[in-house]
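Let me begin by presenting the structure, written as structure tokens, before commenting on it.
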Amino acid sequence: MALLNISGLTTVFETATGPVGAVDGASFTLEAGEVLGLVGESGSGKSVSAFSILRLINPPGKIIGGRVEFGGRDLLSLAPREMRAVRGKDISMIFQEPLSSLNPVQTIGAQVMEPLLIHTSIGKRKARDRALAMLYRVGIPDAESRFDVYPHQLSGGLRQRVMIALALVCEPKILIADEPTTALDVTIQAQILALLKDLQSELGMAILLITHDLGVIAEVADRVAVMYAGQIVESAPVQAIFDDTAHPYAAALINSIPDRTRQARRLIAVKGNIPDPRHLPPGCRFAPRCGFAQPSCVTTVQKLTAVDPTHATACMRVQAGELPRPIPTLTPELPHG
Amino acid sequence: MKHSMFGKKLKMRLGGGIVIAVILMAIFAPLLAPHDPYDQDLMSRLIPPFWNAQGDWTYPLGTDNFGRDMLSRLIYGSRLSITVGVAAALLACTMGTILGMWAGYSGGYAETAIMRLADAQLAFPDILLAILIVAAVGGSALNLILVLGLSGWTVYARVMYNMTRSIRERPFVEAAVSHGARSAYIIRQHIFPQLIPVLTVVATLQVAQMILQETALSFLGLGLPPPTATWGNMLAEGRDRMWAAPWISNLSGVAIIILVWGINMLGNGLREHLDPNQRGRQ
Amino acid sequence: MAEPLVEIRNLAKHFPITKGIVRRRQVSEIRAVDGIDLTIHSGETLALVGESGCGKSTAGRLILGLLPPTDGAILHQGVDIAAMNPAQLRQMRSRFQMIFQDPFGSLNPRMTVRDLIAEPLKINGYGKAERLEKADALLEAVGLGSQHASRYPHEFSGGQRQRIGIARALALGPDLVVADEPVSALDVSVQAQVINLMQDLQQDLGLTYLFISHDLGIVHHIADRVAVMYLGRIVEVATKAALFASPAHPYTRALLDAIPVSRPDQRRPERALSGDLPDVASVVGGCRFAPRCPFATDRCRTEDPALRDLAAGHSVACHHAEALRADNSKPRI
Amino acid sequence: MFAFIVRRLLTIPITILLVVFVTFIVLRVTGDPVQIYLDINATPEQTALLRERLHLDEPLIVQFGLFLWDVLRGDFGMSLQFATPALPVVLGRLGATIQLVSVALLFAFVFGVAGGIVAALRKDRLPDFLLSALAVAGQSMPSFWLGILLIQTFALDLKWLPTSGTGSWQHLILPAVTLATFLLPNFILITRTTVLETRSELFLTTARSKGASESSIMFRHLLPNAINPVLSFLGLQMGRLVGGSIITETIFAWPGIGSLMIRSIFQRDVPVVIAAVFIVSIAIVLANLLVDILQSLIDPRMRLD
């Protein structure tokens, strides 16, 4: 039994012209103690999925279907009070922009203490001690004297450490990390990723890591789910995603990273753009950009199906054995409008 | 976003409808008014409006202390109220926009001088400045426009200053500089057009403010000299008879509130319509 | 090697920090760019890399004459633009152009694509017919058909907007194009399209690129030479091959080590550089990287290393560069 | 923090200087002061007194210097209507004005902020529309007419409250309500806007992800961040509040500086007018300083240099 079991999650945004789908029937599981990487480009629905798990979608967004099973309960059908008891205690979250995700008019100490004051009945003094210990644990140098400073007085890297401290201070079972290093410099990114891995082995929580950066995935994930246009198109252990790629979009994503070990004059670009969520292709959503698409791909709705015990793809041509794994690299095309 | 019955569309329609109706009334005043607004008839003084028992359909909204027809005076009064309000707002707008853009674009001493002056004027209530000047030079339509315009420029200056400064830092302005554009071109092509929407909103709301200020000056006896028909004058005149003939002040008060409410609703609706935060989500 | 198109000598930009109650006096300054020397050769792509706040974008703007330098010379084909008055500078501007990071903010939302691309031509006095003809040709050249010409920027995706920005930068036929993080705001699958386009245009038009970026993966792909900046200084300049294979400055090594691996089987043990990026205003004596450097000695903390030649075409600002370079075969940090 | 307050204090003289300068220019440039400020029936002594007082034989710049010097010494001259020094006359009225303004301000702030929050939380629904429409109606109401209506209803018809004057707390109610309507509608609208803007901030999502309750999110996270723009607005509107008190005091015969000022203008009592303008300006500047200090207490980012 997985720690977190998400099935058929569907989230839409209400607009003047009707609802627009952001996540469309996403299903995945998170096992205890693992790092699941949820990877996709902007508009793929990866962040909306993450926010939907904790029901942090603000109007006009709305979760309209699916189940999020955790500890034998469906989080989507909990009463608001029961849901609040889960947030920050069993499942916590950190975000991309550490500055805007911290309250600018509260000291960092108060913000790290808050989850303890909400979820435990230890007094303020004890909460302060635990918050301070957590700040030291996430590598805030001289946390004692920084306890009463405000977020704007810290650097970006330290702010993200504060966010991690307040997310983990109640020792949750799951940490959802939404692009935690995207806004940071590369040397600081490496520090934060190392810190997350350290804390994971120490506290034993599972991490759902949302990112657009396959390098980050390659660095820390155990398993990967690839999202495109609101759907999960491939999920597999991390090594298999790179070595045994089973979806043309995942292959395109991997190929578009400049590879230092391979000197090519041209990068292998994916033609076209991410589809407009208001006008999605009827069948496979990647078909219009796919080098392997057949006419039937454009019209047939495709389902994420296991091709191995641990490996699932939504590409019907791979499922039918018509395409080899890993998906071969196509010769670069001329620039395309 | 969910479509709402009570959103900005309703505000703009209601407000715009009222404003257009009053402007049409002002333009076609000679056709609409049943009597001459300055025609005194001491035989028919203080006749109440038609809904009152003593009412008389010859004077649907009654007459004032001098027997002048209230309806005609209200219709003609809209002309001066609107003219003074719009002209004063335009004067303040022109002055404030030029000074605010200058301060925001050039920085340096111009910035310090202009914005410090605007700050100082904060400590000097608009209405007080107007009272002092009108008390000294006397009330005429032109004086009122000048005084209200001169005291109202700081609102625009502050808004335009902040906007100009932020637009100046936007990359597309830097791009124009990198192509060799001169300051005059950048202001004309890239800065001023971005200011127009906000300018429209601020100016709309300020017309309402100016109309109210004109009535306040009239109330203090510093407005246009009698017998000129403005809504402010009528309201002030009615004050002395509010016990015996409440309709004089109440009718002109209702006229003011309807027009100013319409302008304000229109301005608020426009602001919500132009708010980039809200527009981006549509 | 081709001849120098741009030569920068001792270029500096300091932003004052003022304090005081009555009269604001300058108490210190942010040395965003603090005395750099750099040569850009005709036809090459020189990458300027570093983390946020290192001064790379300021340096790019100084080279374009968009900011007045505090000190130093910027020679475009031998002519110093740092010494020019605004009118003279305007005459020069068509020769060096910029591609911006933000494809949303760098296009005026109230102008059509055709007007945007033709704007540099309009500013420089071209006639209307010629402007329109050229704008359409430029649209084709960047892979956006001229049928898009009368649409507005918000109707385009990020990648398409960046193509519009590129077309605009090319309108005046510049020699040098400074590209400030041109793809960092774009999705991965779209980045490759824009990089490929930039490379095609360079080949067709003989452009010279100063490519400012924090992304060493893309730099490795596009650059001929690389200059690394740290806190306002250039710490290492080398050909791409030399820099990636045998970095001589400890900061360059740390940067290379911090790039995430491209495949999970290349994962390495812990090797993150410790410490935070210091505040540029807090720079004191000695090497600026010394507080974070695992190899720092007392000399590093007192004596500021100058940029010096280590080999032909490879300069570095580190007292211990030779030892470090020899050490490159061993496991790092 | 200390340096910040000191620097703000030091800008006060500059502002006051400008106010004095504007007053001077208005009084001198708009015509012959003697003719303007004394009516036709003025005695020769009055004329001579005024001539000497205003140093009208000196060049304009010298006149300003002398004027400024007198002002700085607190010497505004003798009131023409009370025949006592002008400054004590004005200061004697200060208490009544402060009482009226502070009660009105408190009333407007509390109800305005509360109304703004309700409107924001029910955005684009009936409560929002009603509150916004009412607020705009309040903004659109000529305040003196509102005062007249209140007197008509509560004093003349219902006889619950006195029509005018001062003495008991009942005397304060109608003027305070009238003056409060100068700012109440603006507070509703501006609070609505800033609450709506703050509502989309990411740190509220952080608070929610900690498991914080909605009321804790509102009072611990949202309001402390939304209140500062309201305070900024309050600072900008101080002038309007004082302008409003001039009118309110006139309607209700409230013995404050506002009614004194209007009366003095009509009596052409120049020394009192100048002293009143001076005191009012200082009060507005100090109130703005207070707002700034309050804001920097709420938001640490404002304490920066």
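Protein sequence lines, in the order shown, are assigned to chains A, B, C and D. Under my numbering, the letters of the first sequence match residues 787 to 1123, in that order. Under my numbering, the letters of the second sequence match residues 10 to 291, in that order. Under my numbering, the letters of the third sequence match residues -14 to 318, in that order. Under my numbering, the letters of the fourth sequence match residues 270 to 574, in that order. All C-beta atoms, glycine included, are put in the ideal place defined by N, C-alpha and C. Every value quoted in this text rests on a predicted model; they were computed, and no experiment measured them.
With 9 Å set as the bound, which would you pick, yes or no: does the beta-carbon of residue i sit closer than that to a beta-carbon of chain A?
i	result
Gln82 (chain C)	no
Glu470 (chain D)	yes
Gln86 (chain C)	no
Glu104 (chain C)	no
Ala243 (chain C)	yes
Gln76 (chain C)	no
Glu307 (chain C)	no
Lys479 (chain D)	yes
Distance check for residue j and residue i, CA to CA, integer angstroms please.
i	j	result
Leu418 (chain D)	Asp538 (chain D)	31 Å
Gln977 (chain A)	Ala227 (chain C)	26 Å
Glu1005 (chain A)	Val246 (chain C)	6 Å
Leu448 (chain D)	Val379 (chain D)	14 Å
Leu208 (chain B)	Met110 (chain B)	12 Å
Pro88 (chain C)	Asp165 (chain C)	11 Å
Ile1040 (chain A)	Leu790 (chain A)	27 Å
Ile567 (chain D)	Pro1095 (chain A)	57 Å
Ile904 (chain A)	Phe451 (chain D)	42 Å
Leu443 (chain D)	Asn259 (chain B)	19 Å
DSSP on residue i, reduced to helix/strand/coil?
i	result
Thr1091 (chain A)	strand
Gln1080 (chain A)	coil
Glu965 (chain A)	coil
Asn494 (chain D)	helix
Met1192 (chain A)	Because chain A is modelled from 787 through 1123, residue 1192 (chain A) falls outside the range shown and cannot be assessed.
His1097 (chain A)	coil
Ile392 (chain D)	Checking the sequence shown, residue 392 (chain D) turns out to be Lys, not Ile. Reduced to three states, the DSSP call for Lys392 (chain D) is coil.
Thr474 (chain D)	helix
Ser878 (chain A)	strand
Glu855 (chain A)	strand
Residue i CB to nearest chain D CB: under 9 Å?
i	result
Ala953 (chain A)	yes
Met274 (chain B)	yes
Ile205 (chain B)	no
Asn292 (chain B)	Since the displayed chain B opens at 10 and closes at 291, residue 292 (chain B) lies outside it and no answer follows.
Leu1053 (chain A)	no
Ile265 (chain B)	yes
Ile142 (chain B)	yes
Is residue i near the ligand MN, in the sense that its beta carbon is under 8 Å from a heavy atom of that ligand?
i	result
Ala1055 (chain A)	The model depicted lacks the ligand MN and carries no ligand whatsoever.
Would you verify that the beta carbon of residue i is, or is not, closer than 9 Å to some beta carbon of chain C?
i	result
Ser90 (chain B)	no
Glu800 (chain A)	no
Is the Cβ of residue i closer than 9 Å to any Cβ of chain B?
i	result
Gly150 (chain C)	yes
Leu182 (chain C)	no
Q. How do the region 372 to 382 of chain D and the region 525 to 538 of chain D stand: do at least 3 beta-carbon pairs fall below 8 Å, yes or no?
A. no
(Q) I'd like to know if the region 130 to 149 of chain B and the region 199 to 206 of chain B are in contact, where contact means that at least 3 CB-CB pairs between them fall below 8 Å. (A) no
Q. Are there three or more Cβ pairs, one per stretch, closer than 8 Å when the region 419 to 430 of chain D is compared with the region 487 to 505 of chain D?
A. No: fewer than three Cβ pairs fall under 8 Å.
Q. Closer than 8 Å, Cβ to any Cβ of chain D: which residues of the region 869 to 883 of chain A, in chain order?
A. Arg870, Ala871, Val872, Arg873, Gly874, Lys875, Ser878, Met879, Phe881 and Glu883
Q.
Please list, in chain order, the residues of the region 53 to 73 of chain C that have any C-beta partner in chain B closer than 8 Å.
A. none
Q: Using a Cβ-Cβ cut-off of less than 8 Å, list which residues of the region 966 to 978 of chain A approach chain C; keep chain order.
A: Asp971, Val972, Thr973, Ile974, Gln975, Ala976 and Gln977
Q) Contact between the region 509 to 519 of chain D and the region 219 to 232 of chain B: three or more CB pairs below 8 Å? A) yes
Q) What are the residues of the region 1028 to 1044 of chain A that lie near chain C, defined by any Cβ-Cβ distance shorter than 7 Å? A) Phe1028, Ala1038, Leu1039, Ser1042, Ile1043 and Pro1044
Q | Where the region 337 to 366 of chain D meets chain B: residues whose CB sits under 9 Å from a CB there | A | none
Q) Within the chosen definition, does the region 42 to 51 of chain C reach the region 155 to 171 of chain C through at least 3 CB pairs nearer than 8 Å? A) yes
Q) Contact between the region 192 to 200 of chain C and the region 927 to 936 of chain A: three or more CB pairs below 8 Å? A) A contact is defined here as three or more CB-CB pairs under 8 Å, and the region 192 to 200 of chain C fails this definition with respect to the region 927 to 936 of chain A.
Q) For the region 226 to 260 of chain B, which residues have a CB atom closer than 8 Å to at least one CB atom of chain C, in sequence order? A) none
Q) Which residues, taken in chain order from the region 110 to 122 of chain B, show a beta carbon closer than 8 Å to some beta carbon of chain C? A) none
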